[in-house]
Amino acid sequence: MSSYSLDKLELHCTWSAGNEKSVKDAMTIEPLENEITKSGIDDLVSLESCVQLFDPNSTPCTPELKFNVTHDLRICAIRIISEARIVELYGQGGEYLYTSHSDFVDEFEGLSVYSTLVRLTTPCTECSIGFKKFKHQDNFWLYGIGVYVKEVDTFGSQLENEGGSQSVRYNAPSQIDLNCVSERLQRSGRNISSSAEHCMQLLQSFQMIGRHRVGQAGDSEGCASNKPIAPEGSLKFCDLLLNMPPVGDRTKNTRPLHEELRKLSLSDSANAEIQCLISKHFEKLEEKLMGKMDDRLNVIEGKIDALTSLLQNFNQKSKADEDVGS
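The sequence shown runs 42 to 367 under our numbering.
Dropping the structure here:
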């Protein structure tokens with residue numbers, strides 16, 4: 042299979058690339074099937090892929106490369122060829138994954154070449170690479186990075202039953218990788234509460250609102266059809282939302298939250314009334330605050346007047362004593 046376009050990759054590096062190059066010049070995205078056939082130095086390193094990075098800060102910092110792929114891909118393995126002897130890898134949300142002592146490959150004109158291959162136990166959409174132990178403190182050579190990915194279905198959901206406990210697996214794209222969440226819950230060996238399961242079902246329904254259904258078997262490329270999801274999907278989401286368990290302690294006489302939400306009005310008159318109420322509330326707060334300040338100032342002024350009177354009496358008494366002495 043051919044390589045993927047770098048448009049599917051977003052990255053940020055704490056160090057800056059020199060010689061009018063970009064860190065992306067050192068990156069390639071390959072299908073997972075090419076990990077064995079296209080993971081060597083000759084496949085990933087070329088004159089164009091070699092990028093020298095410089096520390097832009099006055100205070101030394103570690104070069105770190107953070108990148109993520111689009112939601113239809115999952116990162117499964119990474120081949121890193123650089124000047125760093127030690128590489129640290131972080132996954133989704135900055136979770137520490139692995140520390141690799143890279144293999145020495147070659148040395149040319151004082152530049153060392155190290156290579157390491159890291160396979161991820163749990164594929165993800167986001168990774169960070171920290172580079173350690175290289176020759177110079179203010180510059181560093183990155184020769185090539187191969188990111189090996191697999192495609193995932195971005196529509197639908199799948200229920201899996203393992204050991205009698207229900208686990209939900211989601212394939213809809215999201216800022217939060219729900220697949221990773223489900224796998225972590227399974228590894229923890231703990232059964233999730235009914236509230237947590239209800240919340241995951243709510244997220245699933247929310248992701249499906251407004252999406253197009255996957256094309257039928259007769260579609261030429263399996264693309265999404267233009268038919269919208271049936272209204273039952275929206276009704277199911279609303280039902281889940283209205284039946285969410287209450288958060289925190291609520292008194293018995295308190296009305297359910299969804300009943301209060303149903304009575305809210307979004308008309309212009311209601312908005313004007315709300316603005317008027319807020320304005321009056323702030324005016325009352327201002328009057329109360331100014332009254333307290335005036336009371337405090339009056340007390341301070343009274344104390345100052347008393348001190349002034351005492352000083353005047355003291356001066357008069359001192360003069361009278363001086364007159365008697367003379």
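Quick reminder that beta carbons are idealized off the backbone N, C-alpha and C, glycines included. Because the structure is a prediction, the values reported are computed rather than measured.
Start and end of the alpha helix (DSSP H) containing Ile82?
Ile82 to Leu85
Given 8 angstroms as the limit, is there contact between the segment 136-143 and the segment 181-195, that is, 3 or more CB pairs closer than that?
no
Just to confirm the assignment, what range does the beta strand (DSSP E) spanning Asn180 have?
Asn180 to Glu192
Specify whether the segment 58-77 and the segment 144-155 touch according to this definition: at least 3 beta carbon pairs, one from each stretch, less than 8 angstroms apart.
no
I need the boundaries of the beta strand (DSSP E) containing Glu167, first residue and last residue.
Glu167 to Lys173
Just checking, does the segment 84-98 make contact with the segment 56-66 on the three C-beta pairs under 8 angstroms criterion?
yes
Since I believe Leu161 is in contact with Ile116 (beta carbons under 8 angstroms), could you give me their beta-carbon distance rounded to a whole number of angstroms?
6 angstroms
Around the Cβ of Gly132, are there at least 16 other Cβ atoms within 10 angstroms (buried) or fewer (exposed)?
buried
Does DSSP put Leu88 in a helix, in a strand, or in coil?
coil
Would you report the Cα separation of Leu152 and Gly230, rounded to the nearest angstrom?
48 angstroms
Less than 8 angstroms between the C-beta atoms of Ile82 and Ser156, yes or no?
yes
Need the endpoints of the beta strand (DSSP E) that Thr140 sits in, please.
Tyr137 to His142
Could you check the C-alpha separation between Cys91 and Leu183 for me, to the nearest Å?
6 angstroms
What separation, rounded to the nearest whole angstrom, lies between the Cα atoms of His322 and Glu328?
10 angstroms
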